[in-house]
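Protein chains in written order, with my numbering: chain A, 346 to 628; chain B, 47 to 321. Glycine included, every Cβ here is placed at the ideal spot set by N, Cα and C.
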Ligand SMILES: Nc1ncnc2c1ncn2[C@@H]1O[C@H](COP(=O)(O)OP(=O)(O)OP(=O)(O)O)[C@@H](O)[C@H]1O
Ligand SMILES: [Mg+2]
């Protein structure tokens, strides 16, 4: 029983992971959506020009692009504000969501007494809560962050909780057999088990944080902080500056995509060695 | 020529010959386990295991084999009766191999095997040597840095075995360890286990529902009946050692298998009569 019979391990080590897909496939993954975008934008441009549609009804992509460049002085800083709001809210959601999930997993009493409120917070529509928040929280930035946090918090809490509870029974027995301390069980078994669940929650929460931020800014309107992207879109709408509206929307969408890519990348990096979701199927 | 069968549930006088292998290590007396939902999984279970023995628990599904192992490992507390060891046990004195490999998917093979040492508080360098040794034992030295998903089912099971062996346990408990594997892999792992046991003289308590596997591996087979789970027969396997693959073709093996099969059938019939 001294010689391995299952073949050469070095051959196995080269098994492709999510990180190194075939170059052709990777190129296709980027090129295909770009091509679609190109076709759609070209068609849009052609239709607008042929039909002579005025920009306050539907601006052509070229017009939106030039507007984006022209008003970058206004939109650029607003983009930063919105990104900051979403990032702060997401950070708060991660800390509070994962923290509360941990507390709940440590004590049944905490879970029983706090979870109903977390659920209530989740099921109450943010649009109806936001005005109240804006009334009671003085600092407009803090108010918007708070609203974004409310929506981003629950997916992280719920996912981390199911992750912490998803520990393999036999592994738990094994830890008990070797007299593992509570701390060892948490650190070596429960947290790694919960990690993929937490990351799935993070991906959802990232998008929701942005949505929460936008909703809060819309509700706040002119009374709010008045500097985020959503506010700029609203403002452009009042002034019937439709090209700028589109430019702002474009930046918002880009922010959302950026958040999604960032959280996906993080999850892939952390799970690439072992979790099914981050592995490439070989055929 | 062959082993002897006792169909009596009490077998206090039967095991003297086998105890000569070594002093008694484990004694279970009148152990019963009733689960919270009222299921009587095990009742009046007596068993004595001597050092160096390879004892198989053989019985139909649901007869309480796993429950007995978990009672011995201290993962369950007996409702009645006692589980006693000849010496006080420290963590790591019992190795447990589950029916599934039960590896941590996020850890490398080496880290998986090192887990028991880590939990028992060994320092890193000594642990490293022990891990290398355990992996060499199961022939997986070159896979130390692989992740479980890169291994075949049989290899995962061997990692699981290496993990159970890494603390050099006094008693090795195995719960149908190869049941989920294909026939070829299973026979090969049986061969390897027999050879390792022969070379190292461990004490093994092995759960299986395969007559052939139990005869091939054991020095003694305890046949169990279900509802409630209890031992109903004990068969000593007095075939010569070491047993190689050709033992499976020998007339002695065939006779032993028939004998154990018959005992198992009686055990299953007795279950029907009682329920
Ligand atoms: N935690 C539990 N709660 C209630 N009943 C249980 C529990 N664990 C096992 N049982 C019951 O105890 C009996 C024995 O179970 P056990 O798992 O020991 O059987 P087994 O012989 O190992 O079966 P198998 O060969 O299928 O693994 C079964 O009837 C089972 O339903
Ligand atoms: Mg079982």
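- Query: Does ligand 2 have even one heavy atom less than 6 angstroms from the beta-carbon of residue 111 (chain B)?
  - Reply: yes
- Message: For residue 516 (chain A), tell me which candidate among B:152, B:303, B:292, B:308 has the shortest Cα-Cα distance.
- Response: B:152
- Proximal residues to residue 234 (chain B) (C-beta, below 8 angstroms), its chain only, five neighbours per side dropped: 200
- Query: Measuring from the CB of residue 108 (chain B), is there a heavy atom of ligand 1 at a distance below 6 angstroms?
  - Reply: yes
- Item | Chain-ordered neighbours of residue 516 (chain A) on chain B, where CB pairs are closer than 7 angstroms | 148, 150
- Item | Burial state of residue 291 (chain B), where buried means 16 or more other Cβ atoms lie within 10 Å | exposed
- Would you list the one or two residues that DSSP bridges to residue 128 (chain B)? B:75
- Task: Please work out which residues of its chain come closer than 6 angstroms, Cβ to Cβ, to residue 216 (chain B), disregarding the five sequence neighbours upstream and downstream, and give them in chain order.
- Result: 139
- Does residue 119 (chain B) have its Cβ less than 7 angstroms from a Cβ in chain A? yes
- Please name the residue or residues paired with residue 96 (chain B) in a DSSP beta bridge. B:70
- Which class does residue 425 (chain A) belong to by DSSP, given the choice of helix, strand or coil? helix
- Message: Strictly by DSSP, which residues pair up with residue 556 (chain A)?
- Response: Answer is none; residue 556 (chain A) lacks a bridge partner.
- Task: Grab me the residues of residue 548 (chain A)'s own chain with a C-beta within less than 8 angstroms of its C-beta, minus the 5 sequence neighbours each way, in chain order.
- Result: 605, 608, 609, 612
- Item | Pair within 7 angstroms by beta-carbon distance, residue 100 (chain B) and residue 263 (chain B) | yes
- Compare the C-beta of residue 504 (chain A) with all C-beta atoms of chain B and state if any pair is closer than 7 angstroms. no
- Task: For chain A, find out if any of its Cβ atoms is closer than 7 angstroms to the Cβ of residue 303 (chain B); answer yes or no.
- Result: no
- From B:70, B:170, B:278, residue whose alpha carbon lies closest to that of residue 131 (chain B): B:70
- Under the rule that 16 or more other beta-carbon atoms within 10 Å means buried, what is residue 398 (chain A), buried or exposed? exposed
- Query: Residues of chain A with CB under 8 angstroms from residue 140 (chain B), in chain order?
  - Reply: 522
- Task: State yes or no: is the beta carbon of residue 274 (chain B) nearer than 7 angstroms to at least one beta carbon in chain A?
- Result: no
- Item | Residues within the segment 148-175 of chain B neighbouring chain A, beta-carbon criterion of under 7 angstroms | 148, 150, 151, 152, 162, 165, 166
- Check each candidate in A:457, A:390, A:545, A:430 and name the one with the smallest Cα separation from residue 494 (chain A). A:430
- Taking the C-alpha atoms as reference points, what is the distance between residue 414 (chain A) and residue 449 (chain A)? 49 angstroms
- Message: If contact is defined by three or more beta carbon pairs under 8 angstroms, each pair taking one atom from either stretch, is the segment 80-94 of chain B in contact with the segment 274-282 of chain B?
- Response: yes
- Length of the line joining the Cα atoms of residue 425 (chain A) and residue 577 (chain A): 12 angstroms
- Message: Strictly under 7 angstroms for the Cβ-Cβ distance: is residue 541 (chain A) near chain B by that measure?
- Response: no
- Task: Specify, as a first and last residue, the run of the alpha helix (DSSP H) that residue 218 (chain B) falls within.
- Result: That residue, residue 218 (chain B), is in no alpha helix (DSSP H); its beta strand (DSSP E) goes 217-221.
- Task: Could you check the C-alpha separation between residue 406 (chain A) and residue 593 (chain A) for me, to the nearest Å?
- Result: 13 angstroms
- Query: DSSP puts residue 102 (chain B) in a beta bridge; with which residues?
  - Reply: B:252, B:267
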